[in-house]
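Written out below as structure tokens is the structure these notes cover.
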Amino acid sequence: MKKIILAVLIGGFLSSSYAQNRTNYWQQHVDYTMDVNMDVENYQYTGTQKLVYTNNSPDALDRVFYHLYFNAFQPGSEMDIRLQNIQDPDRRMITEDKKSRIAGLSESEIGYLHVESLTQDGANVSFQEEGTVLVVDLAKPIPSGGKTTFEMTFKGQVPVQIRRSGRNNADGVALSMSQWYPKLAEYDFEGWHADPYIAREFHGVWGDFDVKLTLDKDYVVGGTGYLQNPQEIGHGYEAPGSSVKKQKGKTLTWHFKAPMVHDFMWAADPEYVHDTLQMVDGPTLHFFYKNDPKFLETWKAVQPMTEKAMNFFNRNIGEYPYEQYSVIQGGDGGMEYAMATLITGGDKPGSVIGTMIHELAHSWFQHVLATNESKHEWMDEGFTSFISALCSNEIREQNKENPFENSYKGYYNLALSGKEQPMSTHADRYDLNFAYGISAYSKGAVFLAQLGYVMGQDKLMETLRKYYEEFKFKHPVPNDIKRTAEKVSGMELDWYLTDWTQTTNTIDYGIKTVEPEGEGTKIIMERIGLMPMPIDVLLVYNDGSRETFYAPLRMMRGEKENPYPQIERTVLPDWPWAFPTYDFTINRPISDIQAVVIDPSQLMADINEENNVWQAEE
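With mature numbering (1 follows the signal peptide of the UniProt record, and there is no 0) applied, the sequence shown corresponds to residues -19 to -1, 1 to 599, in that order.
In structure tokens form, the structure reads like this:
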């Protein structure tokens, strides 16, 4: 029975989409032009940056902020101190004796990023470095609708690889260059988001990047953007069968352009193999990995799976909007960036493929739908976990009855631990990494899976496609996914967003009694937890027949279609949340009933499944 229902359930995740324009919305815009010189011997670099900033806000701005992320990788930084004081530090960032790896960095191993000069429209401005944030008092305010041009010189040092960025990672990759340049902070309807780099994710301004990187000519570079001078560079970028114009000197200058992105990452190594795969009616896929026999099998296996995953996400979310995507060995674990990802390689293809699927999904849920990851990390990590679970289940032929089972298990573990904090908690302010990780990834994925239970699976997938179409290249907030779901379903869903993301209220419904009622049977259910939900009830009879009953939640002001069309359903009167019990009567004697089951799909995140089933005594 469970298999039949779940087969119908999962099959309902594929449907069509439609678009709707968003109104009353503004966002800032940046155009970066950077010229950077990297010394691969001492890992120090210098650069110039010209930034044209368009103030589309209704406000005049008299100061701006830049992120200087590499300053986090220094003893005594906020990242270091937090690492030393959190109860469960990130294992990648501590030594075997559980001490901060940052605290032990020497002067030649630390990271830094310093602005040496900065002007606004040719006039000097006052600026002050405060850890990983540069505070800039402007020479003149930027009026609403106005533009200004900042020009700066800066210098940096690439840290020993600690987290995401860095040099000489565990796989031997020389340079993983993420969060490496002075990056203007986002200003939106909530104000400035100049968060210090302490532990978590990022937020950026949409814009166009024009970047020149000069470094040792033996190094192969991959990352964000389209290479503008492939016939001068070679290294696998040149047109097939063509010759490369040899450059004099010891260095090459790589020229990249990236339109409409909110970040720019690159990685480089002299031993990179560079493979390409041209998709049919799709982007060119690039793969960069160390020329080492122990990595070869993994990175060859990743390539066709990347194409399959790209096709899956294109069908089920919306078309990938760029002409290329790169999967690059580097960093630690996996981390998504604009048009590319950094992934550590290994001798286990399955692990790298799983990471690739997750990071590729971030191209939609973060690098096209650019939520503020510090405030709404569950919209990024959770939605990615949801869609990548569906993708893995299909393209890896896992055939799981419930692709989201691990996400539900993670959520239950957190909800019953006493350590949960609301999902509206700022990502840096979670007391435990354990609580952050499960809230962002598992509970975030359950938000969508369970929303499918509330509104129907076909409506959920329609919601995701509509959400993508309406909010791509914008900065959606939680209300946007809720309102999209309301428009698709016709339901009122504010209660769902509020309870699931802004509280730690739990769901617990149970079957209180099943008792004779004249010639029929009366079933009494109870609400034990504080969070409201509509309720599906399955009745299984001794003769093998089945039927379902559906009690919509009154405050939902609507009802979903029958999720099990092969089984007869009776829609009951609404259940008002304030009533702790609810009963209905069926016209069959209790002796006919084998079992009564609340939520046969198991997609309602009920923390106590034991009281969801009543079985007749044998």
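Here a beta-carbon is modelled for each residue, glycine too, at the ideal position from N, C-alpha and C.
Query: Q138, DSSP secondary structure in three states; Result: strand
Query: heavy atom of the ligand GTP below 8 Å from T352 C-beta; Result: Summarising the ligand content, the structure contains no ligands, and the ligand GTP is consequently not present.
Query: Proximity below 9 Å, CB of A282 to CB of V333; Result: yes
Query: N-terminal and C-terminal residue of the alpha helix (DSSP H) that M436 is part of; Result: 425 to 436
Query: Distance CB(F237)-CB(L208) smaller than 9 Å; Result: yes
Query: Spatial distance of V201 from P251 (CA atoms); Result: 6 Å
Query: K128 versus P240: straight-line alpha-carbon distance, rounded; Result: 19 Å
Query: As assigned by DSSP and simplified to three states, the class of S405; Result: coil
Query: Sequence-distant residues of the same chain with beta carbon closer than 8 Å to E90, five excluded per side; Result: P140, V141
Query: Alpha-carbon spacing of N2 relative to E451, whole angstroms; Result: Bear in mind that the predicted position of N2 carries a pLDDT of just 42, short of 50, making it too unreliable to give a figure here.
Query: Candidates E540, H357, F346, Q259: closest to Q305 by CA position; Result: Q259
Query: Short Cβ contact (9 Å threshold) for S269 with T287; Result: The question names Ser, yet the displayed sequence has Phe at residue 269. Cβ atoms of F269 and T287: not closer than 9 Å.
Query: Among P122, P561, K136, nearest to M19 - alpha-carbon criterion; Result: K136
Query: Through-space distance from Y392 to N589, alpha-carbon basis; Result: 12 Å
Query: Cβ-based neighbour list, T482, same chain, cut-off 8 Å, excluding 5 preceding and 5 following; Result: W359, P403, M404, S405, F428, P459
Query: C-beta contact flag for E375 and H343 at 9 Å; Result: no
Query: Nearest-angstrom beta carbon gap, V11 and residue 623 [assumed within contact, 8 Å]; Result: In the structure displayed, the chain extends from -19 to 599; residue 623 sits before or after that span and is not available.
Query: T336: first and last residue of the uninterrupted alpha helix (DSSP H) it sits in; Result: 330 to 342
Query: Proximity of K493 and L478 at Cβ, strictly below 9 Å; Result: no
Query: Sheet register partners of M133 (DSSP bridge); Result: Q30, L99
Query: Spatial neighbours of L553 in its chain, beta-carbon cut-off 7 Å, leaving aside the 5 residues before and after; Result: F530, Y531, A532, F565
Query: Inter-residue spacing [alpha-carbon to alpha-carbon] between D102 and L64; Result: 40 Å
Query: Neighbourhood of D580 by C-beta, 6 Å cutoff - its chain only, sequence neighbours within 5 removed; Result: D517
Query: Where the beta strand (DSSP E) through D191 begins and ends; Result: 188 to 197
Query: Residue of M472, Q575, E540, D273 minimising C-alpha distance to E598; Result: Q575
Query: DSSP-derived helix/strand/coil call for I462; Result: helix
Query: Reference Q30; option with closest CA among E132, K503, E540, G85; Result: E132
Query: Reference V17, options I179, W247, D152, closest by Cα; Result: W247
Query: Neighbourhood of R508 by C-beta distance below 7 Å, restricted to the same chain and skipping five residues each side; Result: Y490, P561
Query: Cβ pair count under 8 Å reaching 3, the stretch 432 to 443 against the stretch 74 to 82; Result: no
Query: Bounding residues of the beta strand (DSSP E) (the contiguous stretch that carries V495); Result: 490 to 498
Query: C-alpha gap between P546 and S582, whole angstroms; Result: 14 Å
Query: Closest Cα partner of A41 within the set Q9, G311, I298, C372; Result: Q9
Query: Beta-ladder partner(s) of Q517, from DSSP; Result: A quick correction: the sequence has Asp, not Gln, at residue 517. According to DSSP, which records beta bridges pairwise, D517 is partnered with Y531.
Query: C-alpha distance - T116 paired with Y47, whole-angstrom precision; Result: Note that residue 116 is Val in the sequence shown here, rather than Thr. Computed Cα separation, rounded: 7 Å.
Query: Between the CA atoms of I488 and P513 - distance to the nearest angstrom; Result: 7 Å
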